[in-house]
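Novice: Dropping a structure here in structure tokens format, bear with me for questions.
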Amino acid sequence: MSDKVIVIGATDIGRRACAALEDRGVEVLHLANPSDSELHELLNENTRGVAIMLHNDIEALRYSLTIEHIRPGIRLFVAIFDRSVRHEMERTIPNCSIASPAYIAGASIIGSALLAEGAIKRTGATAHLSWETLGVEDESVSHKTFVVPTKWKLERVSGILRGQFRPYDFASRAMITGLLALLTMLITDTAILQRSMPLSQAFYSAASVIAGVAAPEIPNANWQFVQSGSFMLLTIIFIAMFGAGVVNHILNGRRVGILGSRVIPRKHHVVVVGLGQVGIRLCKELKLLKIPVVAIEQDDKARGVLFARDLNIPVIIGNASDVRTLRRAHVEHARALLAMASSEEDNISVAVAARTIFPDALIILRAGTNDAIEETRSLFSIGEVADVNGLTAAFVAESLLATEPRAIVPQGHSFALISEEYEVTTVSTPARCSCNNVL
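End of the sequence shown = 1868 in the working numbering, gap-free, step of one.
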């Protein structure tokens, strides 16, 4: 009896991993949610390895521990996103390959966004960051250490400086307008009053008016009474605008800053749409590369919004298929727009909307979760397609049958798997298995 590989999970990645293994001549047993007794029966000496492709990290951990208990040392590949779960698995199951789809596809997506091809892979730990570029040409790999160009660093500073004290929505515009108006009135009133009193007393009197504490002592001149009265009435309006803007900014979680590093850059940044697993991973890697990032998320309660705040990344809450939201993110001056939502239809809508108003923008959209993507790409020249599930499936097959690749990059309608020794294995883009009777 020939060796077989077990794939657990009826997810799209599970189906494509099953197909990728079958394409390489491997017998695959595809299971949806097997019980422990079923695993005891199936995990025999003819089982070559197991791929666990589930959306639930805790369930994936449970299956991994069960399989390791039944067949100690068996080759395992588990798709995991949560860091704490991953660390626990690395500690308890040393023979297990652990990677998330976001990690697998992230290097090639960032390479396409910043270099237009290849991959940019992190090779050092967070405490000792280092990077390398990987490219494939004529079955050979080009690789070299990547250092962020000085020009990019200067552009980053320039883009962030341009974003200081700039409104990003109606509430922030009201807050800044109210503040500037109050400062203007304070300076103007001080300049007028200091003609008839010392400068310090003039400033005190003007500040009293702004604060609504007292009326200033002014000369017996009709125009000054009119001017001071007008300033008192205008103060009411501008204090209300400023106060409303501050309250809105605090209640909205301060997702975008007015001053500091969390402002929306005006140029040379990357816009990431969707703060799921892939979107957050890209934000983190770009942040480590010192590339300015702006995120767009429709759900203000999404888990990724909190992660982005921890990374000090500005987040715009809104529908990215609305051109007004894209303009707020300044897509027209961005290095790239990465549409990485979990819904393929949403990503296509974002890409089409962006292409309509920003025809020269570099757009990379996550797609490939259904069979219509090829037709969509042929109908609209909307951007580069990042087939995250396909990249993951090919990576899983190589990890189980050989060794875990160093990286995987798209190459036309196929994928190039790069080994740790910088050797290339080209595989076709995996389709989906025809396991209609997934157990």
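Glycine included, each C-beta is placed from N, C-alpha and C at the ideal position.
Please report the straight-line C-alpha distance between Q1656 and S1629, rounded to a whole angstrom.
Specialist: Counting from one through the sequence shown, the residue named residue 1656 turns up at place 227. Counting from one through the sequence shown, the residue named residue 1629 turns up at place 200. So the alpha carbons of these two residues sit roughly 20 Å apart.
Novice: On the DSSP letters alone, give me the boundaries of the beta strand (DSSP E) that R1504 sits inside.
Specialist: On the sequence shown, position 75 is the one that residue 1504 refers to. Run containing R1504: 1504-1507, per the beta strand (DSSP E) assignment.
Novice: For A1860, name the three-state secondary structure that DSSP assigns.
Specialist: Position 431 of the sequence shown, counted from the start, is the residue given in the question as residue 1860. Residue state, collapsed to three classes: coil.
Novice: Tell me where the beta strand (DSSP E) around Q1840 begins and ends.
Specialist: Counted from its first residue, the sequence shown places residue 1840 at position 411. Start and end: 1836-1840.
Novice: State the Cα-Cα distance for the pair K1582 and V1576, rounded to the nearest angstrom.
Specialist: The residue you call residue 1582 lines up with position 153 of the sequence shown. The residue you call residue 1576 lines up with position 147 of the sequence shown. When rounded, the distance between both Cα atoms is 11 Å.
Novice: Under the rule that 16 or more other beta-carbon atoms within 10 Å means buried, what is I1665, buried or exposed?
Specialist: As a first step, residue 1665 must be located in the sequence shown, where it is residue number 236. When all chains shown are included, I1665 counts as exposed.
Novice: Check the C-beta distance from A1780 over to G1812 and give it rounded, since I have them as a contact under 8 Å.
Specialist: For the purposes of this step, residue 1780 is taken as residue 351 along the sequence shown, with counting starting at 1. For the purposes of this step, residue 1812 is taken as residue 383 along the sequence shown, with counting starting at 1. Their Cβ separation, rounded to whole angstroms, is 5 Å, which keeps A1780 and G1812 in contact under 8 Å.
Novice: When the distance is taken between beta carbons, is E1568 closer than 7 Å to V1853?
Specialist: Within the sequence shown, residue 1853 is the residue found at index 424, counting from 1. Within the sequence shown, residue 1568 is the residue found at index 139, counting from 1. Taking 7 Å as the Cβ cut-off, V1853 and E1568 qualify as a contacting pair.
Novice: Would you tell me roughly how many angstroms separate the C-alpha atoms of A1763 and A1815, rounded to the nearest one?
Specialist: Taking the sequence shown and counting its residues from 1, one reaches residue 1763 at position 334. Taking the sequence shown and counting its residues from 1, one reaches residue 1815 at position 386. C-alpha separation (whole angstroms): 19 Å.
Novice: When burial is assigned at 16 or more other CB atoms within 10 Å of the CB, is L1808 buried or exposed?
Specialist: Taking the first residue of the sequence shown as position 1, residue 1808 is located at position 379. Below a pLDDT of 50, predicted positions are generally treated as unreliable, and L1808, at 40, falls in that range; the measurement from the model is reported next regardless. Per the 10 Å Cβ criterion, exposed.
Novice: Which same chain residues, not among the five before or five after E1584, have their C-beta less than 6 Å away from its C-beta?
Specialist: In the sequence shown, the residue the question calls residue 1584 occupies position 155. Only H1697 meet the Cβ criterion.
Novice: Between V1825, T1832, R1784, Y1851, which has its C-alpha nearest T1858's C-alpha?
Specialist: Reading the sequence shown from its first residue, position 429 is the one you call residue 1858. Closest by alpha carbon: V1825.
Novice: Terminal residues of the continuous alpha helix (DSSP H) containing R1795?
Specialist: If you number the sequence shown from 1, residue 1795 lands on position 366. Per DSSP, R1795 belongs to no alpha helix (DSSP H); it is in the beta strand (DSSP E), 1792-1795.
Novice: Rounded to whole angstroms, what is the Cα-Cα separation between A1796 and G1607?
Specialist: On the sequence shown, position 367 is the one that residue 1796 refers to. On the sequence shown, position 178 is the one that residue 1607 refers to. Taking the straight line from one Cα to the other gives about 44 Å.
Novice: I believe N1485 touches K1433 by the beta-carbon criterion, under 8 Å. Please report the beta-carbon distance rounded to the nearest angstrom.
Specialist: Here residue 1485 is taken as the residue at index 56 of the sequence shown, counted from 1. Here residue 1433 is taken as the residue at index 4 of the sequence shown, counted from 1. Contact flag wrong, Cβ pair sits at about 25 Å.
Novice: What is the rounded straight-line gap between the Cα of G1841 and the Cα of I1687?
Specialist: Here residue 1841 is taken as the residue at index 412 of the sequence shown, counted from 1. Here residue 1687 is taken as the residue at index 258 of the sequence shown, counted from 1. Using only the alpha carbons, I get a separation of about 43 Å.
Novice: Could you give the C-beta distance for A1724 and V1707, rounded to a whole number, given that I count them as a contact under 8 Å?
Specialist: Counting from one through the sequence shown, the residue named residue 1724 turns up at place 295. Counting from one through the sequence shown, the residue named residue 1707 turns up at place 278. With a contact defined as Cβ atoms closer than 8 Å, A1724 and V1707 miss out at about 12 Å.
Novice: To the nearest angstrom, how far is it from the Cα of E1774 to the Cα of S1750?
Specialist: Counting from 1 along the sequence shown, the entry for residue 1774 is found at position 345. Counting from 1 along the sequence shown, the entry for residue 1750 is found at position 321. The straight-line gap from Cα to Cα measures roughly 11 Å.
Novice: Taking all protein chains shown into account, decide if H1390 is buried (16 or more other Cβ within 10 angstroms of its Cβ) or exposed.
Specialist: This structure leaves residue 1390 out entirely; the chain is present only between 1430 and 1868.
Novice: Consult DSSP for F1575 and reduce its assignment to one of helix, strand or coil.
Specialist: On the sequence shown, position 146 is the one that residue 1575 refers to. For F1575, the secondary structure class from DSSP, reduced to helix, strand or coil, is strand.
Novice: Could you check what DSSP says for V1455 in three-state terms: helix, strand or coil?
Specialist: On the sequence shown, residue 1455 is found 26 positions in, with the first residue counted as 1. Here V1455 sits in coil by DSSP.
Novice: Of all the beta strand (DSSP E) runs that stay within the bounds of the region 1496-1539, which reach a length of 3 or more residues?
Specialist: 1504-1507, 1525-1527
Novice: Locate the alpha helix (DSSP H) running through V1723, then write down its first and last residues.
Specialist: Taking the first residue of the sequence shown as 1, we reach residue 1723 at position 294. Taken as a continuous stretch (DSSP letters only), V1723 belongs to no alpha helix (DSSP H), being part of the beta strand (DSSP E) at 1722-1726.
Novice: My understanding is that G1592 touches V1692, with C-beta atoms under 8 Å, so please give their C-beta distance in whole angstroms.
Specialist: Walking along the sequence shown from the start, residue 1592 turns up at place 163. Walking along the sequence shown from the start, residue 1692 turns up at place 263. About 4 Å separates the two Cβ atoms, so the contact holds.
Novice: With DSSP collapsed to three states, give me the class of E1850.
Specialist: Sequence index remark: in the sequence shown, residue 1850 carries index 421 (1-based). Reduced to three states, the DSSP call for E1850 is coil.
Novice: Does V1869 come out as helix, strand or coil in the three-state DSSP assignment?
Specialist: Because the chain is modelled from 1430 through 1868, residue 1869 falls outside the range shown and cannot be assessed.
Novice: Can you give the Cα-Cα distance for D1465 and I1437, rounded to whole angstroms?
Specialist: For the purposes of this step, residue 1465 is taken as residue 36 along the sequence shown, with counting starting at 1. For the purposes of this step, residue 1437 is taken as residue 8 along the sequence shown, with counting starting at 1. Looking at the two C-alpha atoms, the distance is approximately 12 Å.
Novice: Which residues in the same chain as V1752 place their Cβ atom closer than 6 Å to its Cβ, once the five residues preceding and following it in sequence are excluded?
Specialist: For this step, residue 1752 is matched to residue 323 along the sequence shown. The answer, listed in chain order, is A1782, I1786.
Novice: For H1516, does the count of other Cβ atoms within 10 angstroms reach 16, so buried, or fall short, so exposed?
Specialist: Residue numbering aside, residue 1516 sits at position 87 when the sequence shown is read from its first letter. Counting every other CB atom within 10 Å of its CB across the protein chains shown gives H1516 a total below 16, marking it as exposed.
Novice: Per the DSSP calculation, E1813 is bridged to which residue(s)?
Specialist: Taking the first residue of the sequence shown as 1, we reach residue 1813 at position 384. Answer is I1793, bridged to E1813.
Novice: Have a look at G1689 and V1744 and give me their C-alpha separation to the nearest angstrom.
Specialist: Along the sequence shown, read from residue 1 onward, the residue named residue 1689 stands at position 260. Along the sequence shown, read from residue 1 onward, the residue named residue 1744 stands at position 315. Rounded to the nearest angstrom, the two C-alpha atoms are 14 Å apart.
Novice: Mind pulling the alpha helix (DSSP H) runs of 4 or more residues that sit fully within the region 1764-1791?
Specialist: Runs found: 1773-1786.
Novice: Cutting at 7 Å between CB atoms, please list the residues of its own chain near L1740, excluding the five before and the five after it.
Specialist: Here the question's residue 1740 lines up with position 311 in the sequence shown. Excluding sequence neighbours, L1740 sits near C1712, K1713, K1716.
Novice: Mind checking whether R1504 and G1540 have CB atoms under 7 Å apart?
Specialist: Taking the sequence shown and counting its residues from 1, the one referred to as residue 1504 is at position 75. Taking the sequence shown and counting its residues from 1, the one referred to as residue 1540 is at position 111. No, Cβ-Cβ distance for R1504 and G1540 is not below 7 Å.
Novice: Using the C-alpha atoms, what's the distance from A1765 back to A1790?
Specialist: In the sequence shown, counting from the first residue as 1, residue 1790 sits at position 361. In the sequence shown, counting from the first residue as 1, residue 1765 sits at position 336. Computed Cα separation, rounded: 7 Å.
Novice: Quick one: complete alpha helix (DSSP H) runs, 4+ long, within the region 1616-1682?
Specialist: 1628-1640, 1651-1680
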